[in-house]
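Residue numbers (this note's numbering): 113 to 815.
In this text, a Cβ means the ideal position worked out from N, Cα and C, and glycines have one as well.
Predicted, not measured: the structure shown is a model, and the values here were computed from it.
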């Protein structure tokens, strides 16, 4: 197993610690960087440390949005499912840090703009962590000039914030600029503002910080904002984080500004001031969104799509490059801001200490005995394979695995959980900490090549499903694959080839609804002959930048629609002879799907986002002459006007997960297949029809 050390936050345990975890796996458009130096941003990271150590009540107070989502999940899914989700979230370690410098160790096949052994400065939470190795997207890594040391280059991310602030303030040579707050970011902004040729005044209550700013070349320094001259400044850069005084800060900054001056909010300050003062001077207020244009844009960060320079002169990477160039010329001096130099093993204790206003930046040095990750360690052999014949490897350790699959697998006596893989390794580490017999990794090949594992559960992002399933079948593994089977027609061929090679393996897609008790009851009561199925699905709202909406993931609808079409097909018991799709809004996923079956039955799935949060997520209505039935949110089954089955509010709706897993495990251990398991050929046929219908829709809105 290839391990490294990293400084992690453990919210469930309310602590920080340096822990061993898997080296993250390369993804398309990324590079593997061996870290040499990383920087602790004192204000941001001490605040994160404080949040990590906060009690559950305090966490809830800090994040009312998550509390609202938890309450909604409880209403929809019941107590147990909500508890599993909360445990999964709190139990997952979180990376720390967002600025470092290191050496390129490996590159994805589609990355050609770096070289092995090249020094790079790296940016971004979850990318440029306090860890011995990091996976960094190409647009968040910047080559380091030869004359800039690793220690200086590690500051490129922080200085990119300052460069972006200067651009937002439209700074020019000779302008008068005030900087409010001279912590680390304030000092960096001050240096950059001076380098831009501005005449700088700082306002900072701590004398040590004022002295540090004066050493950088500021013209004036004041302990209180009320002492600074009013109506004088072309731009005021607010680098403080005191939201309690937000109204006072913005109002005071407006007083400092000249007519039509600019206020730039660099720190976490709510924009709150009387309209009159802003109106009279026609003040412009701007925000600094982290390191610059491209930040938080998945197309830029994850997919490596750069902005044309003619449309966006400054991006994250260009801001970093500008900062490194100014360091090379001697106009910026990160070394003057370093208060402490520590080793990685000291980092958790350092961040756990009390806040000290004299501390600016702290750099972490990384000492290793080897320059490269060690090869995988030998896998322990199971001495009695017949005692537990179902030996499982988990590929993917996200929310669904943690809240739905894993809690159920742990209760099954017929299985042994051997290993777990997650792309960044941290989710896998969370599982391992509660199940010490499980090994962790970041590369699925470590599970697929492990002969002690005969079964895999795959719950990764959708674009990887087809490839992982094909490889697993090729490796002779039994496969449970979460939907969708695939997201693109070109993946069908590889799946068919893998299916032809797998003669004895059990293969199952997680279409659990056909295994639900309400489904079994409804099927028993269905009348013979033609039936009409109307399935209304109202998916829960997700942020617009959620990965499910990304084109490379197939879109949210393709990821979920097979659930509902599969259920209708199972209830009819007849062959589906046609499937078509009308897109209402393809980008959002809103659509209507129409099915015709060999017995004359018809089905319709309306997949559209709800107008309000408390609407039922799923409503299945079945109609036939003299017959009607309704399943609502898997909590109530009504047949011909009579409630046949009902779930209480404190109980989770039974969507068939337990029965589906039991059938799969029984098939692996005994070779006996339940009649509800339709096999890989039928699953491929269903997904082929879905993808064809999606591309051949009658009213296809522009994506």
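Along the chain, where does the alpha helix (DSSP H) that runs through residue i open and close?
| i | result |
| --- | --- |
| residue 633 | 629 to 637 |
| residue 677 | 668 to 684 |
| residue 273 | 268 to 280 |
| residue 771 | 769 to 782 |
| residue 571 | Segment: none, residue 571 is in no alpha helix (DSSP H) and carries neither H nor E. |
| residue 546 | 538 to 546 |
| residue 320 | 319 to 328 |
| residue 440 | 428 to 440 |
| residue 744 | Residue 744 -> not in any alpha helix (DSSP H); beta strand (DSSP E) instead, spanning 739 to 744. |
| residue 799 | 791 to 807 |
What's the call for residue i, buried or exposed, on a 16-neighbour Cβ count within 10 Å?
| i | result |
| --- | --- |
| residue 732 | buried |
| residue 249 | buried |
| residue 348 | buried |
| residue 316 | buried |
| residue 766 | buried |
| residue 613 | exposed |
| residue 655 | exposed |
| residue 338 | exposed |
| residue 535 | buried |
| residue 790 | buried |
| residue 417 | exposed |
| residue 343 | exposed |
| residue 726 | exposed |
| residue 262 | buried |
| residue 833 | The chain is shown from 113 up to 815; residue 833 falls before or after that span and cannot be answered. |
| residue 391 | exposed |
| residue 205 | buried |
Using the three-state DSSP reduction, which class does residue i fall into: helix, strand or coil?
| i | result |
| --- | --- |
| residue 222 | coil |
| residue 721 | coil |
| residue 663 | helix |
| residue 590 | strand |
| residue 691 | strand |
| residue 250 | helix |
| residue 644 | strand |
| residue 523 | coil |
| residue 163 | helix |
| residue 582 | helix |
| residue 235 | strand |
| residue 255 | strand |
| residue 478 | coil |
| residue 462 | helix |
| residue 446 | helix |
| residue 288 | strand |
| residue 421 | coil |
Would you mind reading off the limits of the beta strand (DSSP E) that contains residue i?
| i | result |
| --- | --- |
| residue 758 | 754 to 758 |
| residue 411 | Unbroken run through residue 411 is the alpha helix (DSSP H), 410 to 413; no beta strand (DSSP E). |
| residue 450 | 450 to 455 |
| residue 204 | No beta strand (DSSP E) contains residue 204, which DSSP labels as neither H nor E. |
| residue 377 | 369 to 377 |
| residue 153 | 142 to 153 |
| residue 707 | 702 to 709 |
Closest to residue i by C-alpha separation, out of the options, would be which residue?
| i | options | result |
| --- | --- | --- |
| residue 688 | 744, 663, 635 and 801 | 801 |
| residue 120 | 528, 209, 154 and 642 | 209 |
| residue 435 | 303, 771 and 152 | 303 |
| residue 837 | 414, 596, 785 and 235 | Absent from the structure is residue 837, since the part of the chain shown begins at 113 and ends at 815. |
| residue 412 | 373, 294, 253 and 585 | 253 |
| residue 296 | 311, 269, 422 and 565 | 269 |
| residue 233 | 162, 157, 430 and 300 | 430 |
| residue 309 | 549, 299, 287 and 327 | 287 |
| residue 502 | 151, 774 and 573 | 774 |
| residue 509 | 530, 539 and 666 | 539 |
| residue 644 | 622, 670, 707 and 662 | 707 |
| residue 751 | 681, 711, 332 and 631 | 631 |
| residue 153 | 712, 452 and 555 | 452 |
| residue 351 | 514, 331, 387 and 156 | 156 |
Does the beta carbon of residue i fall short of 7 Å from some heavy atom of the ligand SAM?
| i | result |
| --- | --- |
| residue 154 | The model on display carries no ligand, and the ligand SAM is accordingly not part of it. |
Using a Cβ-Cβ distance cut-off of 8 Å, determine whether residue i contacts chain B.
| i | result |
| --- | --- |
| residue 428 | Annotation note: the requested chain B is absent from the structure, which comprises a single protein chain. |
- [ ] Could you tell me whether the region 274 to 281 touches the region 385 to 400, using the rule of 3 or more Cβ pairs below 8 Å?
- [x] The region 274 to 281 vs the region 385 to 400: in contact.
TODO: Give a yes or no on contact between the region 576 to 589 and the region 603 to 612, applying the rule of three or more CB pairs nearer than 8 Å.
DONE: The region 576 to 589 is in contact with the region 603 to 612.
- [ ] Please determine if the region 774 to 794 and the region 661 to 676 are in contact, where contact requires at least 3 C-beta pairs separated by less than 8 Å.
- [x] With a cut-off of 8 Å, the region 661 to 676 and the region 774 to 794 do not count as touching, because too few Cβ pairs lie within range.
Open item on the list: Under 8 Å: do the region 124 to 132 and the region 406 to 425 share three or more Cβ pairs, one atom per stretch?
Closed with: Because the criterion of three Cβ pairs below 8 Å is not met, the region 124 to 132 and the region 406 to 425 do not touch.
Open item on the list: Can you confirm whether the region 589 to 606 touches the region 561 to 570 when touching is taken to mean that 3 or more C-beta pairs between the two stretches lie within less than 8 Å?
Closed with: In short, these stretches touch, since the Cβ pair count reaches three.
Open item on the list: When you compare the region 696 to 706 with the region 734 to 743, are there three or more beta-carbon pairs, one atom per stretch, that lie closer than 8 Å?
Closed with: Too few Cβ pairs lie closer than 8 Å, so no.
Open item on the list: Could you check whether the region 504 to 519 touches the region 553 to 562, counting it as contact only if at least three pairs of C-beta atoms, one from each stretch, sit closer than 8 Å?
Closed with: At 8 Å Cβ cutoff, the stretches touch.
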